[in-house]
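The structure appears right after this line, and notes come after that.
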Amino acid sequence: MVALSTTAIVHISGKSFPTPPVAVPCQSLNWFVFPSSVVFVTQKRKPVIVKSSSAGESAAETTATEVEESENESSIEAPEGPPSLISALNVERALRGIPITDVDYYGILGIPRGCSYEKVTVGYKNKVGELLSQGLDEEELSIKMELLKESYAILSSEEERRMYDWSLARSGKPDSYTWPFEVDMVKAPRESPPPQEPEDVGPTRLVGYFIVGWIILSFALSIALNR
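When you line the sequence shown up against the UniProt record's numbering, it's residues 1 to 227, in that order.
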């Protein structure tokens, strides 16, 4: 049997079959036999990710700005002021005759109840001077200074002081009701009234003279007509 030297060439379009067929030699017949099944290998397309450098930079700038703003806000926090006595809970306690606080603000400043606001300021300054002259350590001095500041803030405010005085009055006499403004013992400064301008009585006199003259004239005319 003569081996054939002719080789069959199969032209396959690259668009339809990207992978060329594989020829399998046959030793017994010296033939190149093509397999009946052709395996096509396809490659998966990798997704292309396009990153925008400007978007990343803007996001980084936004994050940095937010961090800076949060740091600035935390560093500019205002210190908390003294506690306020005006609240719904304290009003309810005062109505029931329960003290809203156990702190004697008048005693801390060394001033009597019902004194003027000027005496509150004087008492606060005197107590501050006494504390500074005692030579206390820093911690104890800070605690006592906070009490003085709280007492001054309460007693120098008209609303806070009225609330505090009302609580003292209600806790002293829980059986009798007291209106908050009844305990407002701080009186307005008494000043002499401003001098009044002299009243212009000229027009009033003219009107009076006219009325009197008209009455006299009417009587005279009535007598003359009756004769």
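The C-beta atom is built at its ideal place from N, Cα and C for all residues, glycine as well.
### Message
If you reduce the DSSP assignment to three classes, tell me which class Lys144 lands in.
### Response
helix
### Task
Helix, strand or coil for Pro203, going by three-state DSSP, please let me know.
helix
### Query
Between which two residues does the alpha helix (DSSP H) containing Leu85 stretch?
Counting along the chain, Leu85 falls outside any alpha helix (DSSP H), and DSSP gives it neither H nor E.
### Message
On the criterion of 16 or more Cβ atoms from any shown chain inside 10 Å, does Asn90 qualify as buried, or is it exposed?
### Response
Flag for Asn90 reads buried.
### Query
Does the region 128-143 touch the region 100-107, meaning 3 or more C-beta pairs lie closer than 8 angstroms?
No contact exists between the region 100-107 and the region 128-143.
#### Entry: Euclidean distance between Cα positions of Trp166 and Lys173
11 angstroms
### Task
Kindly give me the distance between the Cβ atoms of Leu147 and Ile108, rounded to whole angstroms, as I take these residues to be in contact under 8 angstroms.
6 angstroms
### Task
Please go through the same chain and pick out, in chain order, the residues whose beta-carbon is closer than 7 angstroms to the beta-carbon of Arg227, but skip the five residues on each side of it.
none
### Message
Can you give me the C-alpha to C-alpha distance between Glu150 and Leu85, rounded to a whole angstrom?
### Response
11 angstroms
### Task
Going by CA-CA distance only, name the one from Ile211, Arg170, Tyr209 that's closest to Leu95.
Arg170
### Message
Please list the terminal residues of the continuous alpha helix (DSSP H) segment that includes Arg96.
### Response
That residue, Arg96, is in no alpha helix (DSSP H); it is neither H nor E in DSSP.
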